[in-house]
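Data block below; observations after.
Residue numbers (my numbering): 1405 to 1884.
Below you can see the structure in the form of structure tokens.
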């Protein structure tokens, strides 16, 4: 349009200022024709450009509208799908099992391999690593979507203890995929959802060993058989609630007649602080009753089998309360270059029962009412790609009340020490680690820890460990 006005103006000016036809020479006439041709050419060129620009603008608008329509359609489809379970799932094809193998090897220098914590009757898988070269917690996992309704997973641990190789069943469960309304149902044998680390497999931990509070109060972790139901709230802030109906036959509980004495509750919430930071807060509760719980203690002449001693808690009840917190930071949410993770957990356990200790012809009995608590706090910093450093502090405290003591040849002081119920000290531990991960499937870790067991007059237990972790095959995403 602008060129049309310019052309018209030039033509008008030429018309006004031009002499009569009789006065125009042939050369002037040719020059005027040339100018008109140039103006027409410019006009045509600019009109073509304007038309091309208008076509591009129109095409861009159409593409943008189509993109918005597709995005809205995808959003609607995702909104209609049920929420995925919290733990990442793996299936190599739609319904073909994904198989993964975790290889754990280590070399350890340790002063004392027996774990003894005053005030705590240990059980489950609580313990310390072997001295020298050893295989750790090797794990074989198979998982798949069974169909569009169920997911299934089986995991086994391959461990070598006392010179013998054992295969232990860890998790074997099914989980719903399409209940809708944020509901998920899990059934079988599984790690309880209480706490933050309890349902995290060992190879996914940031340190080579579990926190002391897990060793002392949960026997490493709470693994039981039963049913879990959880609900993910449809809110902007992450909010998840869960309840578990368990057999209650695993530590910190024990054998019971019904295999239906355990119950737990957990709640988790969290969200983003900004583009670089996020947080999660959790609370947990567990309770169970049992007839007999076999427990470890402190035996001068070896473990229970070696010494021939029976250390049991009869007609008992246990309650466990916990809170956990996690904070994560990564520049603009991208953890590849640098990231930082802080996490902490606190557990309080209240239990009671009839304590009985038998060694040969001698025995001791007493009513036991114990209150114990513990916590850990740790920080992990990835200072450059593939390299991380970490620090952790653990602390335990026990306040046990012993009454109605029956001396059957074992003095009270000896009973408290041998049964593990004597609360003479407060165990704690400092740990430092450095690890290198060439990829998501491999990690090499160097770790040093100093453990004060709390026993009077006992030296600190210095533990230096070099560990490798290798993942073969499909590997699911880790939890938040």
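The beta-carbon is built from N, C-alpha and C at its ideal position, and this holds for glycine as well.
For a cut-off of 8 angstroms, the C-beta gap from residue 1660 to residue 1695 is around 5 angstroms, short enough to register as a contact. Around the beta-carbon of residue 1566, fewer than 16 other beta-carbon atoms lie within 10 Å, marking it exposed. Residue ranges of uninterrupted alpha helix (DSSP H) with 4 or more members, entirely inside the stretch 1773-1849 and ordered along the chain, are 1816-1823. If you draw a straight line from the Cα of residue 1760 to the Cα of residue 1718, it comes to about 7 angstroms. The three-state secondary structure of residue 1610, taken from DSSP, is coil.
Counting along the chain, residue 1618 sits inside the alpha helix (DSSP H) bounded by residues 1616-1622. When the Cα atoms are used, residue 1664 and residue 1651 turn out to be separated by approximately 4 angstroms. Among the bridge pairs identified by DSSP, residue 1744 is matched with 1733, 1785. In the structure shown, residue 1551 falls within a coil segment according to DSSP collapsed to helix, strand and coil.
Here the C-alpha atom of residue 1554 lies approximately 34 angstroms from the C-alpha atom of residue 1734.
By the Cβ neighbour-count rule, residue 1793 is exposed, with fewer than 16 other Cβ atoms within 10 Å of its own. If you compare the alpha carbons of 1446, 1671, 1563, 1515 with that of residue 1852, the shortest gap goes to 1515.
In this structure residue 1813 is exposed. Its beta-carbon is surrounded by fewer than 16 other beta-carbon atoms within 10 angstroms. If you draw a 10 Å sphere on the C-beta of residue 1844, you find fewer than 16 other C-beta atoms in it, and that means exposed.
Under the DSSP assignment, residue 1590 falls in the beta strand (DSSP E) whose first and last residues are 1587-1595. Using a C-beta cut-off of 8 angstroms, the stretch 1861-1870 makes no contact with the stretch 1545-1553, since fewer than three inter-stretch Cβ pairs fall below that distance. For residue 1661, there is no enclosing beta strand (DSSP E), as DSSP marks it with neither H nor E. Counting other Cβ atoms within 10 Å of its Cβ, residue 1657 reaches 16 or more and is therefore classed as buried. With respect to residue 1751, residue 1777 sits close: the two C-beta atoms are nearer than 8 angstroms.
One thing to note: residue 1786 has its Cβ no nearer than 8 angstroms to the Cβ of residue 1795. Within the same chain, and ignoring the five residues on either side of residue 1670 in sequence, the residues whose Cβ sits closer than 6 angstroms to its Cβ are 1597, 1598, 1646, 1688.
Membership of residue 1637 in any beta strand (DSSP E) is not indicated, and neither H nor E is assigned to it by DSSP. Excluding the 5 residues flanking it on each side, residue 1819 has same chain C-beta neighbours closer than 6 angstroms at 1761, 1768, in chain order.
In terms of Cα proximity to residue 1618, the closest of 1692, 1764, 1530 is 1530.
Note on the stretch 1495-1537: whole beta strand (DSSP E) runs with a minimum of 3 residues are 1502-1514, in chain order. Your pair residue 1631 and residue 1654 does not check out as a contact, with CB atoms roughly 15 angstroms apart and the cut at 8 angstroms.
Cα atoms of residue 1736 and residue 1676: separation of roughly 11 angstroms, rounded to the nearest angstrom. In the three-state scheme derived from DSSP, where H, G and I count as helix and E and B as strand, residue 1433 is classed as helix.
In the assembly as shown, residue 1573 is an exposed residue. Its beta-carbon has fewer than 16 other beta-carbons within 10 Å. Just so you know, the alpha carbons of residue 1576 and residue 1810 end up roughly 44 angstroms apart. Contact annotation: residue 1620 and residue 1526 have beta-carbon atoms nearer than 8 angstroms.
For residue 1571, the uninterrupted beta strand (DSSP E) segment begins and ends at 1568-1580. Non-local beta-carbon contacts of residue 1800 in its own chain, meaning distances under 8 angstroms to residues more than five positions away in sequence, involve 1521, 1523, 1524, 1616, 1617, 1620, 1776, 1777, 1778, 1830, 1831, 1832, 1858 in chain order. In this chain, the beta strand (DSSP E) harbouring residue 1693 covers 1681-1698. In this structure residue 1437 is exposed. Its beta-carbon is surrounded by fewer than 16 other beta-carbon atoms within 10 angstroms.
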